[in-house]
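So the protein lines, in turn, are chains A and B.
Under numbering that gives the first Met the number 0, think of the first position of the first sequence as 0, with each following residue one higher.
Under numbering that gives the first Met the number 0, think of the first position of the second sequence as 0, with each following residue one higher.
All C-beta atoms in this analysis are idealised placements derived from N, C-alpha and C, irrespective of residue type, glycine included.
It should be emphasised that the depicted structure is a prediction, and the values quoted were computed from it without experimental measurement.
Worksheet: the structure to be examined is printed underneath.
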Amino acid sequence: MKSIMPFHRTCKEVTALVIAREDRALLWQDRLGLRLHMAICVTCPVFERQVLTMRNAMRQWRHYEDQ
Amino acid sequence: MTTAAHTSFEQQLIAQRDFLMRFSRLQLRNEAWAEDAVSETVLAALAKPLAFENRSQLKTWLIGILKHKVIDLLRLHGREVSHTTDDDDDSDPLEFISFKADGHYSQAPSDWGNPEQDLSSRQFLAVMDACTQKLPAAQGRLFLMREWLELSSEEICKELALTPTNLYVQLHRARLRLRECLELNWFGRTVTP
């Protein structure tokens, strides 16, 4: 399966990549696989938005001191 | 005149001690280290007192110094910092999300909506604090090195002599735990009873 569709990623794999992207650069194969998957999946973009919300939240939290 | 200004600077510093301890504890997870970092910060501040227009500027300046002191301590205790074994070290980091055998979600993640404004509210930040505090010690330290000290993954590996794989696994776990905690204590709470 993998060898026929080298850019195919499952939801589980995509979820792991979305988290990993917060801390490291992804391989181009994974970036491409991620984009292809996001275009056809309805669930993973919801998870991705959660991670982006967390990124935002961390920024607010980091600047809490300013209040 | 100068003496009066000097005294008040010391008092201002004392007033910020609890605030500094909060971050120091959260990052270092060790009471003695946390105290050391804060004492070093206060000493450094006393060595070159500056006049600030408001308390918020003073806080920002002190946090800037504290971050450097914290990094020094993390470096000093390198091995201990990242090699403490957390109790969930063997589990699959994706355990918090359930997937079917074919890699699809068994239950879709919930839509957190567009909570821009909520995120800066005092209540939300208190939840963030609590969730961060709940991370296992080693994971929590590494996560805060990324998010609070804003070090790159490369810098963290270098400071603590960690392999990238080890670091990524720990950060991965920390992020998923945090997500779970926020979902339970904040984003999930608006769900109809």
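> So, helix, strand or coil for B:PHE142, using DSSP?
Replying inline: helix
> Taking the alpha-carbon positions, what's the B:GLY112 to A:ARG54 distance?
Replying inline: 14 Å
>> Rounded to the nearest angstrom, what separates A:VAL68 and B:ALA43 at their Cα positions?
In response: Here chain A comprises residues numbered 0 to 66, so residue 68 of chain A is not present and cannot be evaluated.
> Using a C-beta to C-beta distance shorter than 9 Å, which residues of chain B count as neighbours of A:ILE18?
Replying inline: PRO92, LEU93, LEU170, HIS171, ARG174, LEU175, ARG178
>> Please tell me whether A:PHE6 has its Cβ less than 7 Å away from any Cβ of chain B.
In response: no
>> Checking 7 Å against the spacing of the C-beta atoms, do A:GLN59 and B:LEU118 come in under that value?
In response: yes
> Beta-carbon of A:CYS40 versus every beta-carbon of chain B: anything under 7 Å?
Replying inline: no
>> Using a 10 Å radius around the Cβ and a threshold of 16 neighbouring Cβ atoms, would you call B:GLY63 buried or exposed?
In response: exposed
>> Rounding to the nearest angstrom, what Cα-Cα distance links B:LEU65 and B:THR40 in this structure?
In response: 5 Å
> Applying a beta-carbon distance threshold of less than 7 Å, which residues of chain B neighbour A:ARG34?
Replying inline: Neighbours of A:ARG34 on chain B: none; closest Cβ ~17 Å, over 7 Å.
> Do you know offhand how far B:ARG140's Cα is from B:ALA100's?
Replying inline: 33 Å
>> As an exercise, report each continuous alpha helix (DSSP H) stretch of at least 4 residues that is fully enclosed by the segment 75-130 of chain B, in chain order.
In response: 77-82
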